[in-house]
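>
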Amino acid sequence: MELKTLDYRVDDGIARITLNRPAELNTMNGDFWPEMVRVFDEIAHDMAVRCVIIASTGKHFTAGLDLKWAGQNALASRGSADLGRQREAFRRHVKELQESFNVIDNCRVPVIAVCQGGCIGGGVDLVTACDMRIATADAYFTIQEINVAIVADVGTLQRIPFLLPQGLVRELAYTGRKFPAAEAARHGFVNRVEDSHEAALAAADAIAREICAKSPLAITGIKQVLNYGRDHSVADGLDYVAVWNAAMLQGDDMTSAVQAQMARQSATFQNLKA
């Protein structure tokens, strides 16, 4: 798979996605959005993948949207069509951008983001779609859209209220101030803060390897149930998990796990079926 904005590889069950435009501060240009969808489609069809780590290169995780590309795209979208058709086309464009982060949220396996330096604008949309976030001590998060007089529209405002208190969410969204790693950790937005990028990557790797050792059927079930519960009532979530377990607890994983626990050994679990 040929990619321009991302590096992608899989080893030991861990898919590693790396933003690879450090000279451009890993801004999200026209190639970035469809490439993220392509990579996660690859992951969806690779049953050897049991966890994903999204990392970056250079000083900053990402400076967010490539404003030059966005401006050119906005001009091109006007064309000669009437205003209603122009706006309908723009709506479809925004929905396409949203899908680039929906695929992270909907990924079969857990996704861990490792953030160094600035995680700005679209970067916050990206990491709020992940299951976990690990940051370096110098990292910070900025809901940048208010600073360029737009409403964030590819996921931050929909997902971050589940990760932070409402008052803080609104302060960050209304002011566009920096949200530094130490403060983010106090509020549980990041799982941990490490002194260096290398240490943050190592911490993510350790979590990913622990996840990879668990039953992939149970892991995907946990993610499905958590996401469903987030978007539905408690009663709906309880019904959903009851049906899930009634359907899925028919394999060998639970028996293998219990036997391994009793023998003080580690169980080995087969990949999911493609």
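Under my numbering, the first residue of the sequence shown carries the number 546, and numbering increases by one thereafter. In this text, a Cβ means the ideal position worked out from N, Cα and C, and glycines have one as well. These figures come from a predicted structure and were not determined experimentally.
1. Would you list the residues sitting across from Y719 in a DSSP beta bridge?
2. Might you give, ordered along the chain, the residues of its own chain that have their beta carbon closer than 7 angstroms to the beta carbon of R583, omitting 5 neighbours on each side?
3. Going by the CB atoms, is the gap between E580 and L551 shorter than 8 angstroms?
4. Can you pull the DSSP bridge partners for V597?
5. Specify, as a first and last residue, the run of the beta strand (DSSP E) that C664 falls within.
6. For M677, is the classification buried or exposed, using 16 other Cβ atoms within 10 angstroms of its Cβ as the cut-off for buried?
7. Let me make sure I understand the geometry here. Which of I559, V639, A697 and I562 has the alpha-carbon closest to that of G575?
8. State the DSSP-derived secondary structure class of I756, mapped to helix, strand or coil.
9. How far does the beta strand (DSSP E) with F707 in it reach, from first residue to last?
10. Can you give me the start and stop residues for the beta strand (DSSP E) that I679 sits inside?
11. Could you check how far apart the C-beta atoms of F734 and L709 are, in whole angstroms? I think they sit under 8 angstroms.
12. Label N816 either buried or exposed according to how many other C-beta atoms from any shown protein chain fall within 10 Å of its C-beta, with 16 as the threshold for buried.
13. Around the C-beta of D784, are 16 or more other C-beta atoms found within 10 angstroms, so that it is buried, or is it exposed?
14. Does the beta-carbon of A712 have 16 or more other beta-carbons within 10 angstroms, so that it is buried, or is it exposed?
15. Going by CA-CA distance only, name the one from R595, A626, F635 and A674 that's closest to S760.
16. For a test of the three-state rule: what should DSSP assign to D591, helix, strand or coil?
Taking the structure as given:
1. For the purposes of this step, residue 719 is identified with residue 174 of the sequence shown, where counting begins at 1. DSSP, once it has assigned bridges, lists no residue as partnering Y719.
2. As a working note, residue 583 is residue 38 in the sequence shown. Excluding sequence neighbours, R583 sits near M546.
3. Here residue 551 refers to the residue found at position 6 of the sequence shown. Here residue 580 refers to the residue found at position 35 of the sequence shown. In this structure, L551 places its C-beta atom within 8 angstroms of the C-beta atom of E580.
4. Along the sequence shown, one-based indexing puts residue 597 at 52. Partner residues in the beta bridge of V597, as assigned by DSSP, are A560 and V656.
5. Counted from its first residue, the sequence shown places residue 664 at position 119. Secondary structure note for C664: its beta strand (DSSP E) is the uninterrupted segment G663 to I665.
6. Taking the first residue of the sequence shown as position 1, residue 677 is located at position 132. It is buried - the Cβ of M677 has at least 16 other Cβ atoms within 10 Å.
7. To locate residue 575, count along the sequence shown from 1; it is residue 30. Answer by Cα proximity: V639.
8. The count along the sequence shown starts at 1 and reaches residue 756 at position 211. In the structure shown, I756 adopts helical secondary structure according to DSSP, grouped into three states.
9. Here residue 707 refers to the residue found at position 162 when the sequence shown is read from its first residue. Segment: none, F707 is in no beta strand (DSSP E) and carries neither H nor E.
10. Here residue 679 refers to the residue found at position 134 of the sequence shown. From DSSP, the beta strand (DSSP E) with I679 extends over M677 to T681.
11. Start at 1 with the first residue of the sequence shown, and residue 734 comes out as number 189. Start at 1 with the first residue of the sequence shown, and residue 709 comes out as number 164. Right, their Cβ atoms sit about 6 angstroms apart.
12. Here residue 816 refers to the residue found at position 271 when the sequence shown is read from its first residue. Here N816 is exposed, its C-beta having fewer than 16 other C-beta atoms within 10 Å.
13. Taking the first residue of the sequence shown as position 1, residue 784 is located at position 239. By the neighbour-count definition (other C-beta atoms within 10 Å, threshold 16), D784 is an exposed residue.
14. Looking up residue 712 in the sequence shown gives position 167. Note on identity: in this sequence residue 712 is Gly, with Ala being the wrong assignment. So G712 ends up on the exposed side.
15. Taking the sequence shown and counting its residues from 1, the one referred to as residue 760 is at position 215. Ranking the options by Cα distance to S760, first place goes to R595.
16. The residue you call residue 591 lines up with position 46 of the sequence shown. In the three-state scheme derived from DSSP, where H, G and I count as helix and E and B as strand, D591 is classed as coil.
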